[in-house]
Amino acid sequence: MGRILGISSILLLILTFPLESILAVTIQMNAGRIFKKVSVQKETETEIEVVDPDGVIYRIRKDKIKQITEDTPDTVPEFASDESVPTGAVKSPSPKDTLPEHSILLSQSLSNDGAFQGSDLFGERQARRNGTSYKDFYEAYFLTTSAEILGLPKPFKLGLTMMNPLVDRSNTDADLRLQSTPGGPDQTYLLDKSIATGVLQFDPNEVKTRKEKNGLYDYLFTRAMYDHETRLGTFSAGFLFINQNDPTYVMRGYWVIGWKAPFWEWLNPQFSINNKMLNDYGGTFQGTHNYRLTVSHEFFKGETFRITPSLVVGYAEVNDNTDRKKGISDISPRLQFDYGKLFFAANMMYRATPALVDNATYTPSIGVYPDSNANDGLTIDPAKAYGYKNELIINYISSLSDDPAVKRALVDHYQQQHIVHVIFFYNIGYTIRI
Numbered sequence: 001m002g003r004i005l006g007i008s009s010i011l012l013l014i015l016t017f018p019l020e021s022i023l024a025v026t027i028q029m030n031a032g033r034i035f036k037k038v039s040v041q042k043e044t045e046t047e048i049e050v051v052d053p054d055g056v057i058y059r060i061r062k063d064k065i066k067q068i069t070e071d072t073p074d075t076v077p078e079f080a081s082d083e084s085v086p087t088g089a090v091k092s093p094s095p096k097d098t099l100p101e102h103s104i105l106l107s108q109s110l111s112n113d114g115a116f117q118g119s120d121l122f123g124e125r126q127a128r129r130n131g132t133s134y135k136d137f138y139e140a141y142f143l144t145t146s147a148e149i150l151g152l153p154k155p156f157k158l159g160l161t162m163m164n165p166l167v168d169r170s171n172t173d174a175d176l177r178l179q180s181t182p183g184g185p186d187q188t189y190l191l192d193k194s195i196a197t198g199v200l201q202f203d204p205n206e207v208k209t210r211k212e213k214n215g216l217y218d219y220l221f222t223r224a225m226y227d228h229e230t231r232l233g234t235f236s237a238g239f240l241f242i243n244q245n246d247p248t249y250v251m252r253g254y255w256v257i258g259w260k261a262p263f264w265e266w267l268n269p270q271f272s273i274n275n276k277m278l279n280d281y282g283g284t285f286q287g288t289h290n291y292r293l294t295v296s297h298e299f300f301k302g303e304t305f306r307i308t309p310s311l312v313v314g315y316a317e318v319n320d321n322t323d324r325k326k327g328i329s330d331i332s333p334r335l336q337f338d339y340g341k342l343f344f345a346a347n348m349m350y351r352a353t354p355a356l357v358d359n360a361t362y363t364p365s366i367g368v369y370p371d372s373n374a375n376d377g378l379t380i381d382p383a384k385a386y387g388y389k390n391e392l393i394i395n396y397i398s399s400l401s402d403d404p405a406v407k408r409a410l411v412d413h414y415q416q417q418h419i420v421h422v423i424f425f426y427n428i429g430y431t432i433r434i
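Everything in the sequence shown is counted per UniProt numbering, starting at 1 for the first residue and increasing by one.
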């Protein structure tokens, strides 16, 4: 049984032997990579699909295969059953070799920012914390740890992803507001009045900068999916839950359904819908649907060095219970390079409809005047919101006109900036089995 078999011979085995008798094979690639104890699931003109002992599925190009060797079966004698015993038949214990070789597919990576369906997860909060303008590249570094459970039946997938900030975790007083109590009203005007009159107008032991809840949050993503293969493609359904360590945000939950097309395999097209099903933010965003189309292709599949470009386009519908915004939430290209267990990915998120995040929940209303236009793609620049310098500038601008509308227009022009359309971030890390 140690002879070398071609692809057609392996498929012949699948057709002529019962499913439980199919033997595992070892596949050696031209580049030297080896897939051990895998079983062939299906074949196309250019590729074969195999599953390894952990239940992980690979699609391998035929022209990259050097040889396929049929493995010798591991035979374990079974105990005979004595049907006369009233306690029932005696069953042999499951041999250890029938268990998955590994339990978890572990991946860790370092990133400077993260995104989800058009939302920036860390960088824009970091800007509000540090009183800096919103921009397209942040240094909100965090560690991502993902664990995929191996050895489950083929249709089931279960995984956890944690995002833990490595910077700006503690609460600070970087908002520069003067307060007599944490979270109290801004009393910076007392400092301005003291500068103007030359007489101290407040007790500096009482009115001072105080720590606010502005540290970066940990995230936990939990995903459970079931895949069902048919001639019309692979249909999937499951749940995605997002926990955040800020108690005011509770949990976000999505009912996810998807479809992987049986055609254009070179592009690997997939379509999914994330349906918001949990009521958080006081009902805001309840009922949101995000339709997502993904295409990708892995070059040099099966080789030690691989390149995978991909593109995801998301469309949001019923974004808010009040204004019911719709539009393209994000266009997110990604270019990933793999070398063995290591990988590096360059990412971009383009928000084609910035009005989708133009609301007080996503970009808090921290200006002198509340945001009265939630569709103009403008928000308050955190660098121009607080502190005695901004207070002096705003007071001067306000004194230029007695007309309330003109006064507001001047202040808004000073404080507002366009919501950033494009955000860049990268990931560098590794993937192993344990």
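Each residue gets a CB set at the ideal place from its N, CA and C atoms; glycine is no exception. Source: prediction; values computed, not measured.
Among the candidates the options, whose CA atom is the shortest distance from the CA of residue i?
{"i": "Ile380", "options": "Tyr396, Gly387, Ile393 and Thr363", "result": "Thr363"}
{"i": "Gln244", "options": "Ile394, Gly340 and Leu216", "result": "Leu216"}
{"i": "Ile48", "options": "Ile60, Ser39 and Pro100", "result": "Ile60"}
{"i": "Thr361", "options": "Asn275, Pro204, Glu124 and Ser111", "result": "Glu124"}
{"i": "Arg252", "options": "Leu267, Asn275 and Met163", "result": "Asn275"}
{"i": "Thr181", "options": "Val207, Trp264, Gln201 and Met349", "result": "Val207"}
{"i": "residue 461", "options": "Arg129, Phe344, Thr46 and Ser296", "result": "This structure does not reach residue 461, given that the chain is present from 1 up to 434, and the question cannot be answered."}
{"i": "Val312", "options": "Arg306, Phe300, Val40 and Asn290", "result": "Asn290"}
{"i": "Ser310", "options": "Thr288, Leu293 and Leu335", "result": "Leu335"}
{"i": "Thr294", "options": "Val25, Phe300 and Trp264", "result": "Trp264"}
{"i": "Glu139", "options": "Gly131, Ala127 and Gln187", "result": "Ala127"}
{"i": "Ser236", "options": "Val256, His102, Ile27 and Arg433", "result": "Val256"}
{"i": "Ser119", "options": "Ala316, Tyr414, Ser133 and Gly387", "result": "Ala316"}
{"i": "Asp113", "options": "Phe137, Asp52, Val40 and Glu101", "result": "Phe137"}
{"i": "Tyr219", "options": "Glu229, Thr230 and Phe122", "result": "Phe122"}
{"i": "Ile65", "options": "Phe35, Gln179 and Thr288", "result": "Phe35"}
{"i": "Arg351", "options": "His418, Leu267, Asn268 and Gly32", "result": "His418"}
What separation, rounded to the nearest whole angstrom, lies between the Cα atoms of residue i and residue j?
{"i": "Lys135", "j": "Ile423", "result": "8 angstroms"}
{"i": "Leu410", "j": "Ser398", "result": "7 angstroms"}
{"i": "Ala346", "j": "Ala374", "result": "31 angstroms"}
{"i": "Lys407", "j": "Lys211", "result": "31 angstroms"}
{"i": "Lys154", "j": "Tyr226", "result": "9 angstroms"}
{"i": "Thr161", "j": "Phe425", "result": "18 angstroms"}
{"i": "Pro333", "j": "Gly340", "result": "23 angstroms"}
{"i": "His421", "j": "Ile273", "result": "23 angstroms"}
{"i": "Val318", "j": "Gly55", "result": "38 angstroms"}
{"i": "Asp330", "j": "Leu191", "result": "43 angstroms"}
{"i": "Glu298", "j": "Ile307", "result": "6 angstroms"}
{"i": "Lys37", "j": "Ile68", "result": "11 angstroms"}
{"i": "Tyr254", "j": "Glu45", "result": "37 angstroms"}
{"i": "Tyr369", "j": "Asp412", "result": "7 angstroms"}
{"i": "Thr145", "j": "Gln108", "result": "5 angstroms"}
{"i": "Val25", "j": "Thr304", "result": "20 angstroms"}
{"i": "Ser103", "j": "Gln28", "result": "24 angstroms"}
{"i": "Gly233", "j": "Lys260", "result": "6 angstroms"}
{"i": "Gln41", "j": "Thr431", "result": "24 angstroms"}
{"i": "Gly314", "j": "Arg129", "result": "28 angstroms"}
{"i": "Leu356", "j": "Arg433", "result": "39 angstroms"}
{"i": "Leu152", "j": "Glu101", "result": "12 angstroms"}
{"i": "Glu70", "j": "Leu150", "result": "24 angstroms"}
According to DSSP, is residue i part of a helix, a strand, or is it coil?
{"i": "Arg61", "result": "strand"}
{"i": "Asp227", "result": "strand"}
{"i": "Thr197", "result": "helix"}
{"i": "Ile397", "result": "helix"}
{"i": "Pro382", "result": "helix"}
{"i": "Asn130", "result": "helix"}
{"i": "Gln108", "result": "strand"}
{"i": "Val313", "result": "strand"}
{"i": "Gln415", "result": "helix"}
{"i": "Ala115", "result": "strand"}
{"i": "Arg177", "result": "coil"}
{"i": "Tyr291", "result": "strand"}
Kindly list the residues whose CB is nearer than 6 angstroms to the CB of residue i, restricted to its own chain and excluding five residues on each side of it in sequence; keep chain order.
{"i": "Val167", "result": "Tyr141"}
{"i": "Ala224", "result": "Leu158, Gly238 and Phe239"}
{"i": "Gly183", "result": "none"}
{"i": "Thr353", "result": "Gly327 and Ile328"}
{"i": "Asp371", "result": "Ser365"}
{"i": "Pro165", "result": "Phe142 and Leu216"}
{"i": "Arg324", "result": "Val318"}
{"i": "Glu148", "result": "Leu105 and Gly159"}
{"i": "Met349", "result": "Ala115, Asp330, Ser332 and Ile423"}
{"i": "Ile242", "result": "Phe221 and Arg252"}
{"i": "Glu391", "result": "Thr188 and Asp192"}
Once the 5 residues before and after residue i are set aside, which same chain residues still bring their CB inside 7 angstroms of it?
{"i": "Lys62", "result": "Ile7, Thr46, Glu47 and Ile48"}
{"i": "Asp169", "result": "In the sequence on display, residue 169 carries Arg and not Asp. The answer, listed in chain order, is Gly215 and Leu216."}
{"i": "Phe156", "result": "Tyr226"}
{"i": "Phe337", "result": "Ile307, Phe343 and Phe344"}
{"i": "Leu176", "result": "Gly131, Thr209, Tyr386 and Gly387"}
Please list, in chain order, all residues of the same chain as residue i whose beta carbon is under 8 angstroms from its beta carbon, the five residues on each side excluded.
{"i": "Leu15", "result": "Because Leu15 carries a pLDDT of 35, less than 50, the predicted location of this residue cannot be relied on, and the following value inherits that uncertainty. Taken in chain order, the list of residues that qualify is empty."}
{"i": "Tyr414", "result": "Lys384, Ile393, Ile394 and Ile397"}
{"i": "Ser194", "result": "Leu200, Gln201 and Phe202"}
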